[in-house]
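Residue numbers (the numbering used here): 10 to 572.
C-beta atoms are modelled at their ideal positions from N, C-alpha and C, and glycine is treated no differently.
These notes are about the structure you will find just below.
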């Protein structure tokens, strides 16, 4: 019998919505992969390194039914085995906290597939152990006892691979390649991956890439960049010199020639003029399509680096290394690149995905308090529109987060809180990006609070930090929703109370209504002369609001002019 999950059933991404995975006990990681991938041997050694228990579901089933899997197949058939297998896996997903390795075909059964989606949605590590096909086939032949490989084992293995690989690739949120690795090396890779937070972003029209979150992530720069790159333009600001020095050394160790490109800090570095100067530099250095760009710094720097990569030779590869909280949760991760013009923010740009994003949380230790705090504006926004767990974490740790001190950050325990906030926020973004890369509808929900925020930034000549403007914009959007009956006053007050507790602004009085209205009409979401906003129809339920009564918009604006 063939695998039961068809390609049309594959999820394009694994979003985290804060509702699944309610059990307090779950596996540290679940390992899936083809027969012969090494799931049992590699998983067992990785479990030893992590000092956790290990279970191979095939072995558990053999113990429970009192016979080998192959014998059970012969006696009762595959459907009965898959039923027993699914029951076993679902039970273990709710009461086992070690490493769990599944049989090769387990994720193709509908009940198991559904349980794994829920596990991943709840923040579980679902690891696709990707072995070289030739190596895996050889190990599968040597191992024997695999009922799905009866007959010509190599031919059957390839047939199964064609069916299963797309499903496994889309289902997993961690991908560990073991090509050419010894079991010891593969186990170390698995341990590193499970110890990190990795979000895999794919979807229609997207070249898949990973966002890696954790300490010392910058060390993965050369691996993320890939092979065949002769020259790398290292785009960064002076303020992140320590991190750009590290990136330069890693790239040179990998054999690349590094061209240092220093740009101005913050929004001053995100202009057509700066982009033109970088293009000229790439031309002088003879950059071709086989070369690459690395962006190191805050959101403006990674936006500029991506825009240059997208436009040079109609697109060359790039890697983002965000060093601010805002860049880690927003600017560097979604495949939007662009520059500002005098008429507004991000009016010139493109949708162009990176080769990878490395969110090295050790770089946050160099941030001043105010730059860290502004990043919380985008974090809270993601909680408002999709993941209530983000809001719970922000509430519980508001005092610690507001008192952020880079000098004591690492080793304080706060880094674990921040890593979880980054991961959850990126998962919210990954959900919207994977389903709507070019912002035709769903992805616009990520712009909650941004219609007013972009107007504030323009009227303040970009002296206001983006995250601060978003915080005020979220309060404005909540006030507008309340004016029109979508939110109650309690939800608006919650917006104000939470954002204020984090040290974010909740009011602004730097421009006239007429000036703000004119800029709102230029917003990217606007359609012709129709104003368009993102508001909440209840918490975590964003909707589009087209052409609301202008009097209601003005009343909402008046409410954010005073704290």
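Could you check what DSSP says for residue i in three-state terms: helix, strand or coil?
i: residue 174; result: helix
i: residue 568; result: helix
i: residue 296; result: coil
i: residue 520; result: coil
i: residue 312; result: helix
i: residue 303; result: strand
i: residue 278; result: helix
i: residue 367; result: strand
i: residue 32; result: Here the model assigns residue 32 a pLDDT of 42, short of 50, so the residue's position is not dependable and the matter cannot be decided.
i: residue 375; result: helix
i: residue 288; result: helix
i: residue 41; result: strand
i: residue 362; result: coil
i: residue 356; result: strand
i: residue 82; result: helix
Is the CB-CB distance between residue i and residue j below 7 Å?
i: residue 199; j: residue 185; result: yes
i: residue 43; j: residue 131; result: no
i: residue 365; j: residue 479; result: no
i: residue 110; j: residue 49; result: yes
i: residue 433; j: residue 382; result: no
i: residue 378; j: residue 356; result: no
i: residue 4; j: residue 45; result: Any answer about residue 4 is impossible in this case: the structure gives the chain only from 10 up to 572.
i: residue 121; j: residue 115; result: yes
i: residue 135; j: residue 80; result: no
i: residue 306; j: residue 246; result: yes
i: residue 332; j: residue 372; result: yes
Candidates the options: which alpha carbon is nearest residue i's?
i: residue 57; options: 181, 196 and 172; result: 196
i: residue 476; options: 488, 173, 441 and 513; result: 513
i: residue 556; options: 550, 544, 548 and 549; result: 544
i: residue 264; options: 134, 238 and 275; result: 238
i: residue 561; options: 548, 540 and 549; result: 540
i: residue 523; options: 465, 499 and 504; result: 465
i: residue 234; options: 177, 326, 172 and 273; result: 326
i: residue 552; options: 501, 571, 508 and 486; result: 486
i: residue 236; options: 260, 286, 498 and 491; result: 260
i: residue 424; options: 571, 489, 361 and 406; result: 406
i: residue 390; options: 332, 489, 456 and 463; result: 456
i: residue 501; options: 66, 363 and 565; result: 565
i: residue 360; options: 346, 352, 369 and 370; result: 346
i: residue 438; options: 54, 427 and 452; result: 452
i: residue 163; options: 178, 176, 175 and 147; result: 147
i: residue 248; options: 273, 538 and 108; result: 273
i: residue 293; options: 190, 240 and 124; result: 240
i: residue 123; options: 538, 176 and 244; result: 176
i: residue 474; options: 216, 484 and 463; result: 463
i: residue 516; options: 301, 430, 569 and 548; result: 569
Can you tell me where the alpha helix (DSSP H) with residue i in it begins and where it stops?
i: residue 68; result: 66-74
i: residue 88; result: 87-102
i: residue 477; result: 475-492
i: residue 378; result: 378-394
i: residue 200; result: 192-204
i: residue 5; result: Not covered by the structure: residue 5. The range shown for the chain is 10 to 572.
i: residue 56; result: 48-59
Check whether the Cβ of residue i sits closer than 6 Å to any heavy atom of the ligand GTP, and report yes or no.
i: residue 381; result: The model on display carries no ligand, and the ligand GTP is accordingly not part of it.
Could you give the residue range of the beta strand (DSSP E) that holds residue i?
i: residue 108; result: 108-110
i: residue 186; result: 183-186
i: residue 327; result: 326-331
i: residue 551; result: 551-555
i: residue 543; result: 541-545
i: residue 137; result: 134-139
i: residue 401; result: It is not in any beta strand (DSSP E) - residue 401 instead sits in the alpha helix (DSSP H) that spans 397-405.
i: residue 126; result: Unbroken run through residue 126 is the alpha helix (DSSP H), 119-130; no beta strand (DSSP E).
i: residue 338; result: Per DSSP, residue 338 belongs to no beta strand (DSSP E) and is neither H nor E.
i: residue 349; result: 345-350
Can you confirm whether residue i, when its beta carbon is compared against all beta carbons of chain B, has any partner nearer than 7 Å?
i: residue 103; result: In the structure shown, chain B does not exist; there is a single protein chain.
Uninterrupted beta strand (DSSP E) stretches inside the region 206-274 (no shorter than 3 residues): Segments of the beta strand (DSSP E) lying fully in the region 206-274: 206-210, 218-223, 240-246 and 266-272.
In chain order, what are the residue ranges of uninterrupted alpha helix (DSSP H) at least 4 long that sit wholly in the region 412-473? 415-418, 423-444 and 459-468
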